[in-house]
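Colleague:
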Amino acid sequence: MSRGGAAMSAGAFLATSLLLGAFVLCAGVYGLLYGAARLRQSVGLLRLAVLACGVLCLIAATVVVVTPLETVWKAVIVASTLAYCAIPPVTWRYLQRTHRDHGANI
Amino acid sequence: MSRSQRLAIKYLTAAIAFFGVMTLSGLLSAIYYINPDFLFGLLHFNIAKILHIDTLIIWLVMGFMGAIYWFLPEEFGREPVGIWVAEILFWVFVAAVLVVAAIFVLIQWGPGTESTLWLVQQGRKYVEAPRWAAIGVALVLLVFAWNVVGTALKAKHVTGIMAVLSVNMVPLVLLYFIAFPAIPDMAADLYWWWWLVHLWVEATWEILIGCIMALAVMQLLGTSRRIVEGWLYIEVMLVLGTGILGLGHHYFWIGTPDYWLGIGGFFSALEPLPLLGMVVHAVYDAGTHRMKTTNRPAFYWTLAEAFGNFLGGGVFGFMITLPQLNLFAHGTQWTVSHGHFAFWGAYACGVISVCYLALQKARDQAVVEGRAWMLSFSLLNFGLLGMVGSLLVSGIVQAFFERAIGGSTLDAFIAVQGNPWFMLGMYARLGFGIIFAAGYVTLVWDLAMLGRRAATVLAAPAPAE
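If you read the sequences in order, they're chains X and P.
If you read the first sequence in my numbering, its first letter stands for residue 1, the second for the next number, and so on.
If you read the second sequence in my numbering, its first letter stands for residue 1001, the second for the next number, and so on.
1. Counting C-beta neighbours from all protein chains within 10 Å, is the total for T1456(P) 16 or more, i.e. buried, or is it exposed?
2. State the beta-bridge partners of V1388(P) as determined by DSSP.
3. Are the Cβ atoms of R1124(P) and W1193(P) separated by less than 8 Å?
4. Using a Cβ cut-off of 7 Å, pull out every chain X residue sitting near H1281(P), in sequence order please.
5. May I ask which residues mark the beginning and end of the alpha helix (DSSP H) holding R100(X)?
6. Tell me the DSSP secondary structure of V1158(P) in three-state form.
7. Do we get a CB-CB distance below 8 Å when we pair G1314(P) with the residues of chain X?
8. For M1186(P), count neighbouring Cβ atoms within 10 angstroms of its own Cβ and tell me buried if that reaches 16, exposed if not.
9. Please work out which residues of its chain come closer than 7 Å, Cβ to Cβ, to Y1011(P), disregarding the five sequence neighbours upstream and downstream, and give them in chain order.
10. Can you give the Cα-Cα distance for A79(X) and Y1191(P), rounded to whole angstroms?
11. Could you name the residues of the same chain whose beta carbon sits closer than 6 Å to that of T1055(P), not counting the 5 residues immediately before and after it, in chain order?
12. Select from A1358(P), S1376(P), A1399(P), Y1176(P) the residue whose C-alpha is nearest the C-alpha of G1451(P).
13. Got a sec: is the Cβ-Cβ distance from L48(X) to anything in chain P below 8 Å?
14. When you compare the CB of S17(X) with every CB in chain P, is at least one pair closer than 8 Å?
15. DSSP beta-bridge partners for V1368(P)?
16. Run through DSSP, which three-state label would P1461(P) get?
17. If distances are taken between C-alpha atoms only, which option among I1016(P), M1278(P), I1178(P) comes closest to I87(X)?
18. How is S1376(P) classed by DSSP in three states: helix, strand or coil?
19. For chain X, check one thing: does any of its Cβ atoms lie closer than 8 Å to the Cβ of P1257(P)?
20. For a test of the three-state rule: what should DSSP assign to K1125(P), helix, strand or coil?
21. Pull up the distance between the alpha-carbon of L1322(P) and that of I1263(P), whole angstroms please.
22. Please classify F1252(P): does DSSP put it in a helix, a strand, or coil?
23. Please list the terminal residues of the continuous alpha helix (DSSP H) segment that includes E1114(P).
24. Can you pull out the residues from the stretch 1302-1327 of chain P whose beta carbon lies closer than 9 Å to at least one beta carbon of chain X?
25. Below 7 Å on C-beta distance, what does I1254(P) contact in chain X?
26. So which residues on chain X does G1265(P) lean against when the C-beta distance must stay under 8 Å?
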């Protein structure tokens, strides 16, 4: 199982797993902060959201450069990063549009 | 209340009762890891574990059925078709579960013959119930499907949610039939067994809870039907797109062809994406409603569902889902940690939310408030977070020392069982499990007293007048 990836040592396994956990966690923090920023129309929160998104990209870059994952999985991580960056604003716009078009709740 | 809703209350009550059995047997199982001699000769570890994981399935299935029976008459404006059969089968279902539990406890070992499969247990994880009981479960599911689909066919209008629910009944019932065959080849057996376990949990159950939460959110927040149906269709699309072939992550090391490594890894990696959308949606709903609702417990449990699903399924799952990493983490306490968190977030929180929603109407309460629900919400979630954190520590120790360094040998396995960090995780898991159990007791008390405390407060001034 070494299609473009180096051998997975014990240390590398642990570091890669934890990095991937942090990667998805950062995406969640970004989504949370982005939503809070749009709700409160807060520039400060929006900056924090952008910072979380930046950390997400940084972790993805670390996974790609440092870990011995196979190339195909690194490509999946890169594609996922783009999706994670896009999901909060796209979802938010969709939510606003549907609530406006179909009648708001409460 | 309609007959269907009275049946719903019975199902939800039974679900909460079996949630208690699951919690108790989970606590017992946790003790064995600290003291392997615990209840020696009386109750074997494997039986406590069977009770723990089987009641997990039972209480969630009963919770789902209760939720659906609650919403059916409101969706169709009539009693479900064949509700009388469902009423009878409820008692048969409960009695069968109790009898099976008694059999598990009374016959803990013995020969593995054909009669064992029919009368005692089938020995397949999650579906250990003997065949006579499995036939009963299949019958209950068939009647449940008839109640839903038959009512949809008889009704003059079928909503989008009910159409999705009706179609979902087909795989929900058919997949359960995989609980029956006894295939002697373990790889072939596991291959089909995962169809039941994974496709129930990560496909049909996801759609089922999606329908339930769509109906709950309409009642709870007054969200328009077109909006929730739009989201439900997106969810169905994503489940079909990622959840079904995500099945592959269970096929990594069980004797299946290599291509499952690629399929399983790829589609599992996509699974957290829709969960991030759920988090954003939860923030939107919480924000636009300013956390104000007539049923705060139901609302908070709905939010817990979104965040718990993301953390348990998304974050904890993604750490171990790629084949190069899963090779080391598969079947360790790390997987157990992910399993606990994902089940809690994806399903348990949703069922508890519906319990509060149903009881609000059943007991005619304009507003559901109080302190007990906050205490149970805090204890249950804190206990659960502590448990999964502790299991994560133990799982990392296992994956690192036993698998990655020790090469998965028996010696390495035995050595890690005594590792101080592994044991610390096991002790901590038991401690947090006790906190979780305290949360369960508070939840039961709160649900039992919901509406009755308010009546007491209102009634109190009367003697003084």
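Just so it is clear, CB atoms sit at the ideal spot from N, CA and C, and this is done for glycine as well.
Modeller: Once the coordinates are examined:
1. The predicted model places T1456(P) with a pLDDT of 43, which falls under 50 and marks its position as unreliable; any figure quoted below should be read in that light. T1456(P) is exposed by the Cβ-count criterion.
2. Looking at the DSSP assignment, V1388(P) forms no beta bridge with any residue, so it has no partner.
3. yes
4. T91, L95
5. 71-101
6. coil
7. yes
8. exposed
9. M1062, M1065, G1066, Y1069, F1090
10. 30 Å
11. F1018, V1021, M1022
12. A1358(P)
13. no
14. yes
15. N1295(P)
16. Note that P1461(P) scores a pLDDT of 44, beneath 50, so its modelled location is shaky and nothing firm can be said.
17. M1278(P)
18. helix
19. no
20. coil
21. 10 Å
22. coil
23. 1114-1119
24. F1307, F1310, L1311, G1314, V1315, F1316, G1317, F1318, M1319, I1320, T1321, L1322, P1323, Q1324, L1325, L1327
25. Those do not exist, as I1254(P) stays about 16 Å from chain X at its closest Cβ, beyond 7 Å.
26. W73, V76
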